[in-house]
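Accompanying notes for the structure given below.
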Amino acid sequence: MGNNVFAIANQKGGVGKTTTTVNLAACVADRGKKVLLIDVDPQGNATSGVGIDKATTPNTIYEMMLGGLKADEVIQKDIFKNLDVIPANVDFAGAEIELIDIKNREYVLQDKIKKIIPRYDYVFMDCPPSLNMMTINAMAVADSVLVPLQCEYYALEGLTQLIRTVDLIRKKINKELKIDGIIFTMADMRTNLTDDVIKNVRENVDIRVYETVIPRNVRLAEAPSHGLPINLYDVTSKGAHKYKQLANEFLKLHE
Numbered sequence: 016m017g018n019n020v021f022a023i024a025n026q027k028g029g030v031g032k033t034t035t036t037v038n039l040a041a042c043v044a045d046r047g048k049k050v051l052l053i054d055v056d057p058q059g060n061a062t063s064g065v066g067i068d069k070a071t072t073p074n075t076i077y078e079m080m081l082g083g084l085k086a087d088e089v090i091q092k093d094i095f096k097n098l099d100v101i102p103a104n105v106d107f108a109g110a111e112i113e114l115i116d117i118k119n120r121e122y123v124l125q126d127k128i129k130k131i132i133p134r135y136d137y138v139f140m141d142c143p144p145s146l147n148m149m150t151i152n153a154m155a156v157a158d159s160v161l162v163p164l165q166c167e168y169y170a171l172e173g174l175t176q177l178i179r180t181v182d183l184i185r186k187k188i189n190k191e192l193k194i195d196g197i198i199f200t201m202a203d204m205r206t207n208l209t210d211d212v213i214k215n216v217r218e219n220v221d222i223r224v225y226e227t228v229i230p231r232n233v234r235l236a237e238a239p240s241h242g243l244p245i246n247l248y249d250v251t252s253k254g255a256h257k258y259k260q261l262a263n264e265f266l267k268l269h270e
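So for the sequence shown, our numbering puts the first residue at 16; every next one is plus one.
See the structure below:
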């Protein structure tokens with residue numbers, strides 16, 4: 016397949032990044048694809064979003080990247096049908112500093128997961144909301160970056176910064192890396208601002224913009240506290256409908 020590893024990234028927090036990672040991964044798995052979700056964020060929100068207890072889970076991405084465990088020793092299999100997870104928790108917060116002494120520290124994640132990638136149709140990595148060594152590790156192994164973008168006035172500013180980051184990583188670390196596309200999130204469909212922002216980005220940026228726009232949705236906001244992706248928490252909700260639509264659009268482009 017060879018183009019199946021996606022880093023979901025945006026340096027801005029609160030743009031629906033983890034929501035998109037968890038729900039896109041779950042909806043793609045729901046379509047019968049074998050999916051690996053990797054939580055690369057020490058906050059571990061993607062981990063708890065699929066119902067894994069961050070506090071008690073024994074082996075995480077930290078033990079894999081810095082504790083000498085193999086990927087197979089930290090993968091939690093079939094959390095939901097077709098969905099495996101490499102979890103993260105707060106132990107991972109210090110990894111940044113611990114990596115300083117490691118040679119080729121940008122490639123630690125790549126070295127650890129390259130053997131298992133061929134088992135999966137798609138790999139989705141939830142990156143931290145900053146350009147740190149974890150995000151760089153994710154981008155070093157990724158084929159493409161998916162960018163969740165909130166429908167708000169400053170959306171374009173954050174995007175410009177991210178495009179610069181990806182260019183830099185492409186020059187120095189992963190020459191194959193590209194931006195797969197932009198996914199608009201947290202849209203309030205009742206306002207003109209949403210339409211204006213989407214139009215502005217489409218006109219000014221030479222990057223694919225996914226047709227599916229994810230709305231603000233109460234059920235989407237509730238789902239993580241129940242440890243379920245939206246398609247399992249409330250399949251009839253607007254949020255579930257939109258993430259299924261996004262998964263269909265994604266698969267049409269990447270199958």
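Note that CB positions come from ideal geometry on N, CA and C, so glycine has one too.
The structure presented is a predicted model; accordingly, all values stated were derived computationally and were not measured.
For a minimum of 4 consecutive residues, which ranges assigned as the alpha helix (DSSP H) are wholly contained in the stretch 67 to 135?
76 to 81, 86 to 89, 110 to 113 and 123 to 128
Restricting to Cα atoms, I'd like to know which of Ile222, Asp158 and His241 is closest to Phe199.
Ile222
Please report the straight-line C-alpha distance between Gly64 and Ser240, rounded to a whole angstrom.
7 Å
For Gly254 versus Leu266, is the C-beta spacing smaller than 7 Å?
no
Using the Cβ count rule (16 or more neighbours within 10 Å means buried), how would you classify Asp283?
Here the chain has residues from 16 to 270 only, and residue 283 is not among them.
At the level of alpha carbons, what is the spacing between Asp4 and Cys142?
There is no way to answer for residue 4, as the model of the chain reaches only from 16 to 270.
For a test of the three-state rule: what should DSSP assign to Pro163, helix, strand or coil?
strand
Given 8 Å, three or more beta-carbon pairs between the stretch 168 to 178 and the stretch 123 to 142:
no
Check this for me: beta carbons of Met140 and Ala22, under 7 Å apart or not?
yes
Output the distance between the C-alpha atoms of Ser145 and Thr180, rounded to the nearest integer angstrom.
11 Å
I need the DSSP call for Pro143, collapsed to helix, strand or coil.
coil
May I ask which residues mark the beginning and end of the alpha helix (DSSP H) holding Asp210?
Asn207 to Asn219
As assigned by DSSP and simplified to three states, the class of Leu52
strand
Closest by CA to Ile184, which one among Ile197, Ser159, Lys257 and Leu164?
Ser159
Just to check my reading of the structure: Ala103 and Thr75 have Cβ atoms closer than 8 Å, yes? What is that Cβ distance to the nearest angstrom?
5 Å
If contacts are defined as beta-carbon pairs under 8 Å, then Ala24 and Leu177 qualify, I think. What distance do you get, rounded to the angstrom?
7 Å
For Asn207, count neighbouring Cβ atoms within 10 angstroms of its own Cβ and tell me buried if that reaches 16, exposed if not.
exposed
Quick check: the Cα distance between Gln125 and Ile151, rounded to an integer number of angstroms?
11 Å
Assess, as a yes-or-no matter, whether the stretch 74 to 88 is touched by the stretch 116 to 130 under the definition of 3 or more beta carbon pairs within less than 8 Å.
yes
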